[in-house]
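Residues 7 to 315, numbered by our numbering, are exactly what the sequence shown covers, in order. The beta-carbon is built from N, C-alpha and C at its ideal position, and this holds for glycine as well. Here's the structure we're looking at; comments come further down.
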Amino acid sequence: MKVTVVGAGAVGATCADNIARAALAQELVLLDIKEGLAEGKAQDMMQTAALLGFETRITGSTNDYSKTAGSSVVVITSGIPRKPGMTREDLIGTNAGIVKGVAENILKYSPDAIIIVISNPMDTMTYLALQSTGIPKHRIIGMGGTLDSARFKYQLSQHLGCSPSDLNAVVVGGHGDTTMIPLIRHATWNSGPVTNFLTVEQQNQIVADTMVGGATLTKLIGTSAWYAPGAAGAALVASILRDEKKLFTCCVSLDGEYGQSDICLGVPVVIGKNGWEKILDFQLNAEEQAAFNKSADAVRNMNEVLKTL
Numbered sequence: 007m008k009v010t011v012v013g014a015g016a017v018g019a020t021c022a023d024n025i026a027r028a029a030l031a032q033e034l035v036l037l038d039i040k041e042g043l044a045e046g047k048a049q050d051m052m053q054t055a056a057l058l059g060f061e062t063r064i065t066g067s068t069n070d071y072s073k074t075a076g077s078s079v080v081v082i083t084s085g086i087p088r089k090p091g092m093t094r095e096d097l098i099g100t101n102a103g104i105v106k107g108v109a110e111n112i113l114k115y116s117p118d119a120i121i122i123v124i125s126n127p128m129d130t131m132t133y134l135a136l137q138s139t140g141i142p143k144h145r146i147i148g149m150g151g152t153l154d155s156a157r158f159k160y161q162l163s164q165h166l167g168c169s170p171s172d173l174n175a176v177v178v179g180g181h182g183d184t185t186m187i188p189l190i191r192h193a194t195w196n197s198g199p200v201t202n203f204l205t206v207e208q209q210n211q212i213v214a215d216t217m218v219g220g221a222t223l224t225k226l227i228g229t230s231a232w233y234a235p236g237a238a239g240a241a242l243v244a245s246i247l248r249d250e251k252k253l254f255t256c257c258v259s260l261d262g263e264y265g266q267s268d269i270c271l272g273v274p275v276v277i278g279k280n281g282w283e284k285i286l287d288f289q290l291n292a293e294e295q296a297a298f299n300k301s302a303d304a305v306r307n308m309n310e311v312l313k314t315l
């Protein structure tokens with residue numbers, strides 16, 4: 007199997023490192039527009055192979071898409087990252103052109119590739135990739151909800167004093183500070199509802215902290231986070247290449263599910279060898295559905311900006 011990661015910045019390099027360490031692919035290509043960056047990071051990673059014991063062949067390329075030919079999965083991380091005070095939405099003008107160009111170039115050499123979008127604003131970039139390429143919708147996956155759900159589990163674990171791996175918790179809706187919806191009513195600690203172990207005040211705090219998880223890190227470190235986003239991208243690659251059928255929240259094209267159409271938004275999906283394979287209906291209550299509809303309206307308004315670019 008061959009995987010390409012486009013964008014050799016912090017998120018892309020971290021994603022590639024996770025893929026190599028987990029031995030998910032025989033060949034991994036790291037591509038970037040900046041001269042020498044991808045080549046240098048690929049060589050640096052390859053020099054860890056003898057220490058970490060992986061056999062993945064990692065190569066770097068400066069904007070030569072021919073080296074990505076035959077990729078089964080492509081992860082798009084390219085674009086400018088957030089800085090303190092910026093929203094994900096502020097990135098749309100610059101990143102739209104980048105993502106559209108990347109997706110089209112990738113498909114010239116890997117027409118059957120499954121594409122994972124990490125670039126922000128992720129919901130709109132996923133929609134753009136789908137609309138501009140015209141490939142089957144199951145092969146376009148936005149990563150955002152996978153990351154948001156991991157951040158939700160982190161916040162829950164801090165309050166519960168438990169292992170995050172013992173938690174099941176998902177975030178649906180848009181990948182934005184005001185559009186994501188942590189479904190705390192559905193969250194469980196093994197099989198027990200977390201609401202049995204938390205006060206209402208704690209529940210509200212966990213939801214609020216999850217929603218600003220990305221902005222909190224941007225303020226602390228001066229740019230977008232990279233460890234968890236990179237790991238989230240690699241987790242999706244693993245579920246595809248190993249056909250794990252794992253359940254993740256991902257941004258996918260909706261056609262009536264959750265009451266929405268002509269939009270890409272975060273919902274629970276099964277990820278396997280064909281990309282996203284089915285959407286699960288979590289039976290939202292009236293309050294949750296209203297929040298989901300509001301999130302969809304905000305993302306749809308952002309998508310409209312694409313028409314002016």
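_Residue range of the unbroken beta strand (DSSP E) whose run includes Gly66_ = Arg63 to Thr68
*What number of angstroms, rounded off, separates the C-alpha of Tyr264 from the C-alpha of Ile39?*
38 angstroms
*Within 10 angstroms of the Cβ of Leu57, are there 16 or more other Cβ atoms? Answer buried if so, exposed if not.*
exposed
_Looking at the secondary structure, which residues open and close the alpha helix (DSSP H) in which Glu207 lies?_
Val206 to Met217
*Closest by C-alpha distance to Val123, when choosing among Gly140, Val177, Arg306 and Val81*: Of the listed residues, the one whose Cα sits closest to Val123 is Val81.
*Around the C-beta of Pro274, are 16 or more other C-beta atoms found within 10 angstroms, so that it is buried, or is it exposed?*
buried
*Between which two residues does the beta strand (DSSP E) harbouring Leu57 extend?*
Leu57 -> not in any beta strand (DSSP E); alpha helix (DSSP H) instead, spanning Ala55 to Leu58.
_Lys252 (DSSP reduced to helix, strand or coil)_ = In the structure shown, Lys252 sits in a strand (DSSP, three-state: E or B).
*Starting from the Cα of Ala135, find the closest Cα among Ser84, Gln161, Ser245 and Gly182 and give me that residue.*
Ser84
*Report back the beta-carbon spacing between Gly236 and Asn24 to the nearest angstrom; my notes put them in contact at under 8 angstroms.*
6 angstroms
*Give me whichever residues DSSP pairs with Ile146 in a beta bridge.*
Ile121
*Grab the span of the alpha helix (DSSP H) containing Leu347 for me, first residue to last.*
Only positions 7 to 315 of the chain appear in the structure, and residue 347 is not among them; the question remains open.
*Beta-bridge pairing of Ala272 - partner residues as DSSP gives them*: Residue identity differs from the one stated: residue 272 is Gly in this sequence, not Ala. Beta-bridge pairing links Gly272 to Gly179 and Cys257.
*Hey, would you say Ser77 sits closer than 9 angstroms to Ala119, going by beta carbons?*
yes
_Among Ala193, Gly182 and Thr314, the one whose alpha carbon lies nearest that of Asp129_ = Gly182
*By a C-beta neighbour count over all protein chains shown, 10 Å radius and 16 as the cutoff for buried, is Thr314 buried or exposed?*
exposed
*Three CB pairs or more closer than 8 angstroms across the segment 183-194 and the segment 231-250*: no
*Can you check whether the CB of Ile121 is closer than 9 angstroms to the CB of Trp282?*
Going by C-beta atoms, Trp282 is not nearer than 9 angstroms to Ile121.
*Taking three-plus beta-carbon pairs below 8 angstroms as touching, is the segment 243-255 in contact with the segment 140-154?*
yes
*Val11 beta carbon less than 9 angstroms from that of Leu36*: yes
*From which residue to which residue does the alpha helix (DSSP H) around Pro127 run?*
Pro127 -> no alpha helix (DSSP H), and no H or E assigned at all.
*Quick one: give me the first and last residue of the alpha helix (DSSP H) that Thr20 is part of.*
Ala16 to Arg27
*What is the residue span of the beta strand (DSSP E) that Ile2 lies within?*
As shown, the chain starts at 7 and ends at 315. That puts residue 2 outside it, with no answer to give.
*Please list, in chain order, all residues of the same chain as Met51 whose beta carbon is under 7 angstroms from its beta carbon, the five residues on each side excluded.*
Ala22, Asp23, Ala26 and Ile64
_Limits of the unbroken alpha helix (DSSP H) element including Gly239_ = Taken as a continuous stretch (DSSP letters only), the alpha helix (DSSP H) holding Gly239 covers Tyr233 to Leu247.
_When you compare the CB positions of Thr201 and Ile190, do they come within less than 9 angstroms of one another, or not?_
It is a contact, given that the beta carbons lie within the stated cut-off.
*So who's on the other strand from Asp38, going by DSSP bridges?*
Thr68
*For Glu33, write down the residues that DSSP places opposite it in a beta bridge.*
DSSP lists Lys8 and Arg63 as the bridge partner or partners of Glu33.
*From Ile141 to Glu110, what distance separates their C-alpha atoms?*
10 angstroms
*Evaluate Gly42 with the Cβ neighbour count: other Cβ atoms within 10 Å of its Cβ, from every protein chain shown; 16 or more gives buried, anything less gives exposed.*
exposed
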